[in-house]
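Chains as they are written, first to last, in our numbering: chain A, 719 to 913; chain B, 9 to 288; chain C, 576 to 937.
Rendered as structure tokens:
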């Protein structure tokens, strides 16, 4: 019998760290395009980044199925620390976590007109997140305009987002993660191209 | 300060908090939409703020400063009881000063001091469904929200005007959030409704007994329903506060004798205190 | 000043609680009730609190009764609020009430049946005369009551006997995980497992009144007590690491199977249908009322007209929970003066408008 390599740790103090992560996520979701840093778990197995891993620990559990593209080590880590069921189809997930090319937004659960909250959240790892330049965001949570520059998004994301925006109240919400930083795109946000 | 021994931080177990946190994020993403959640029995009765308490318990951390008001006042019995609960189970700092609080849990009022970014206002909600007096069936109102079919409410308001010359709603006055969802602002006086519009703070609503929560993100349009020829005009007592002289704040009427004697006082006790301190 | 008096504050709360403690104890010259006495001698109160508190623990329920000064709804609330803080290890396998060791089992539909009629400890056929002998304490405990020798014969259910003949509509067994009302809010339309869960912890008085209403024409009920049984059943739990169920204890339950006429529909032949009640402890009245209401709530799925209150899912399920109901009714005593002030100003404005309109008309 071969011994599995020891799992890297999750939250050291679950109640307080999860609370601080959640508050950062709540701020991010309430003020789309604002970038927050998450208190992150030490070292999730690659390619899972610290912020994306912290989002999983904060929000996923036995009642929230997760789809993950980060390979067996990350899967074992998520199963052990978050206790979440892992699903093979992105469409069956409450949280879809993409470290590589993400599933199309319309392949994820978007809820129904009566229950739009039964929709997936896409946790998307990107190369970098910066405030103050790039996209022009508007919508609830934004006084006039927030600017957000995102490096490393898949091609065609903006067209997918526009389609996601149009089916409101149905739709998918996105949490962008880069290193320990996060920014959120709730389904209400309108993304204008830079310029 | 530290939390009470024998209980998890902020009373709720981590699984329950995660369930509520997931629901809160969806509520923020769909402003004004009521998200059902697995509300728990709390050590306080349903109807006494269990929804607000569960929301606060899921949001609050050791660095927060909590203010709790009922009827605008910090020293009403239920506000005292809820504040003590959190001081005990979360060990957080509490305050009566609106400006110092990071989380304000409220029943029936929005503070007069304008709220700012970085603050969260948590409303205790008895009946989250704005249509419940017109259609008691939840299955039916859910369909109406899906279709944004709010004709029933429009007709009710129109009939009020035809019959009384006024819209006969003075509190829990229905609002449209971000132009899409009809929402119950909780039983705040209509006087407070305009404060919800484009508020810099995040507004969260918890209904424990009805097991639903909802949210209004910062800077979101919140419009009180009205008609062009009958614009929304909330009532306020035509008087000044007997203690601070305010003519802008919402007033409580106090009966001073049995011969028609009345006096008016600010409902927001912190606001009144600030004004008296400023006047020296 | 009156204004100060309406503001409670910390001191008033502490004072109220101290006073409450004093009243709970009552006259110190009278010996204090022990939790064990309540558990043993007020056992039906304990059973009701366990049922409506949805937590099977006699000792805790007795403590709740003592703490609540005998207010059973308050006691059920105490137990629920405690229950919700407990870690959740999993769900038991379904109870096999067919394997119950009954202390009481009666059928109103057959004079005799396999396993026999077992009257058991019941208030039925007692004459309701106050027993002044009980007022005198210190009497010797009553001698053990004679019990009929336990029948070796199994006790088949009356509904199963009818089903053999095809006269009883069969329930479709389902392997689906039933919803959990304690973790998920009610959703409508509510399927039967969810309805039964809500009814099982619903208020006895509310269900009694609703069940009664179905007998008086508010809902088309023709009920017979097919069988009522009361006794201990084994609770089994299958730990995931074991993979097979192990017995973790016995609990007392009361089960009622109510047999109801059904005229048949386009797809179903005329047959009997079942109303089902199952309650913790010895709660016969509640089990019977629950079975009546369960059957009434099946009206829609059986294609019957559903116009009576007891047949209305939302009406029954949203209002049967006494912990929710008592909280919301009693919250009316919290201060509402902000809203009342709004109403005052609105009413004054409307009267001015009406006055002006009348004057203009004159």
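A virtual CB, placed ideally from N, CA and C, is assigned to each residue, including glycine.
Same chain, Cβ closer than 7 Å to residue i, five either side skipped, listed in chain order
i, result
"residue 250 of chain B", "271, 272, 273"
"residue 756 of chain C", "769, 772, 773"
"residue 174 of chain B", "168"
"residue 43 of chain B", "31, 34, 35, 220, 221, 222"
"residue 578 of chain C", "No answer about residue 578 of chain C holds up, because its pLDDT of 33 lies below 50 and its placement is not dependable."
"residue 878 of chain C", "840"
"residue 719 of chain A", "Because the pLDDT at residue 719 of chain A is just 40, under 50, the model does not fix this residue reliably, and the point stays unresolved."
Closer than 9 Å at the beta carbon, the chain B residues around residue i
i, result
"residue 925 of chain C", "172, 173, 174, 176"
"residue 767 of chain C", "By Cβ distance, chain B contributes nothing, its closest Cβ being about 17 Å from residue 767 of chain C, past 9 Å."
"residue 740 of chain A", "25, 26, 29, 32, 33, 66, 67, 69"
Continuous alpha helix (DSSP H) stretch holding residue i: start and end
i, result
"residue 584 of chain C", "584 to 600"
"residue 28 of chain B", "22 to 37"
"residue 893 of chain C", "888 to 894"
"residue 835 of chain C", "Where residue 835 of chain C is concerned, there is no enclosing alpha helix (DSSP H), although the beta strand (DSSP E) it sits in stretches over 821 to 837."
"residue 768 of chain A", "768 to 777"
"residue 856 of chain A", "Per DSSP, residue 856 of chain A belongs to no alpha helix (DSSP H); it is in the beta strand (DSSP E), 846 to 856."
"residue 657 of chain C", "647 to 658"
"residue 798 of chain A", "789 to 800"
"residue 869 of chain C", "859 to 872"
CB-CB length for residue i against residue j, believed under 8 Å
i, j, result
"residue 764 of chain C", "residue 888 of chain C", "6 Å"
"residue 668 of chain C", "residue 811 of chain C", "5 Å"
"residue 730 of chain C", "residue 677 of chain C", "7 Å"
"residue 802 of chain C", "residue 693 of chain C", "Not quite, the Cβ-Cβ distance comes to about 11 Å (not below 8 Å), so this is no contact."
"residue 109 of chain B", "residue 74 of chain B", "6 Å"
"residue 821 of chain A", "residue 802 of chain A", "No, residue 821 of chain A and residue 802 of chain A are not in contact; Cβ-Cβ is about 17 Å, not under 8 Å."
"residue 47 of chain B", "residue 58 of chain B", "7 Å"
"residue 674 of chain C", "residue 808 of chain C", "7 Å"
Chain-ordered neighbours of residue i on chain C, where CB pairs are closer than 7 Å
i, result
"residue 50 of chain B", "656"
"residue 45 of chain B", "760"
"residue 281 of chain B", "Per Cβ cutoff of 7 Å: no residues; residue 281 of chain B is ~14 Å from chain C at best."
Nearest candidate by alpha-carbon position, reference residue i, set the options
i, options, result
"residue 258 of chain B", "B:248, B:107, B:144", "B:248"
"residue 755 of chain A", "A:838, A:742, A:762, A:776", "A:742"
"residue 54 of chain B", "C:678, C:903, C:742, C:929", "C:903"
"residue 228 of chain B", "A:764, A:856, A:888", "A:856"
"residue 939 of chain C", "C:860, C:894, C:850, C:890", "Here chain C has residues from 576 to 937 only, and residue 939 of chain C is not among them."
"residue 768 of chain A", "A:726, A:910, A:880, A:876", "A:726"
"residue 906 of chain A", "A:733, A:888, A:761", "A:888"
"residue 120 of chain B", "B:245, B:137, B:200", "B:200"
"residue 192 of chain B", "B:186, B:182, B:198", "B:182"
"residue 866 of chain C", "C:658, C:767, C:584, C:754", "C:767"
"residue 748 of chain A", "B:125, B:90, B:166", "B:125"
"residue 753 of chain C", "C:599, C:818, C:665", "C:665"
Close beta carbons around residue i, own chain, < 6 Å, minus the five adjacent residues each side
i, result
"residue 38 of chain B", "none"
"residue 836 of chain A", "829"
"residue 581 of chain C", "Note that residue 581 of chain C scores 38 on pLDDT, short of 50, meaning its location in the model is unreliable; the coordinates nonetheless yield the value given after this. Same-chain partners within the cutoff: there are none."
"residue 8 of chain B", "Beyond the ends of chain B as shown, which are 9 and 288, falls residue 8 of chain B; an answer cannot be given."
"residue 781 of chain C", "895"
"residue 911 of chain A", "none"
"residue 937 of chain C", "none"
"residue 50 of chain B", "58, 61"
"residue 878 of chain A", "823"
"residue 9 of chain B", "In this predicted model, residue 9 of chain B has a pLDDT of only 42, less than 50, meaning its place in the structure is not dependable; the value taken from the coordinates is given anyway. So the list reads 99, once near-sequence residues are dropped."
"residue 287 of chain B", "none"
Bounding residues of the beta strand (DSSP E) (the contiguous stretch that carries residue i)
i, result
"residue 912 of chain C", "Not the beta strand (DSSP E): residue 912 of chain C falls in the alpha helix (DSSP H), residues 912 to 936."
"residue 56 of chain B", "Where residue 56 of chain B is concerned, there is no enclosing beta strand (DSSP E), given that its DSSP letter is neither H nor E."
"residue 115 of chain B", "111 to 115"
"residue 802 of chain C", "798 to 812"
Closer than 7 Å at the beta carbon, the chain B residues around residue i
i, result
"residue 737 of chain A", "69"
"residue 910 of chain C", "78, 79, 84"
"residue 898 of chain C", "49, 54"
"residue 749 of chain A", "226"
Cross-chain neighbours of residue i in chain A, by beta carbon under 9 Å
i, result
"residue 16 of chain B", "733"
"residue 264 of chain B", "Near residue 264 of chain B there are no residues of chain A at all, since even the closest Cβ is about 45 Å away, more than 9 Å."
"residue 186 of chain B", "857, 858, 906"
Close Cβ partners of residue i (< 8 Å) along its chain, the five nearest in sequence each way excluded
i, result
"residue 880 of chain C", "795, 874"
"residue 27 of chain B", "45, 46"
Under 9 Å by beta carbon: chain C residues contacting residue i
i, result
"residue 237 of chain B", "What residue 237 of chain B touches in chain C: nothing, since even the nearest Cβ is about 15 Å away."
Per-residue contacts from residue i into chain A (C-beta, under 8 Å)
i, result
"residue 227 of chain B", "858, 859, 860, 861"
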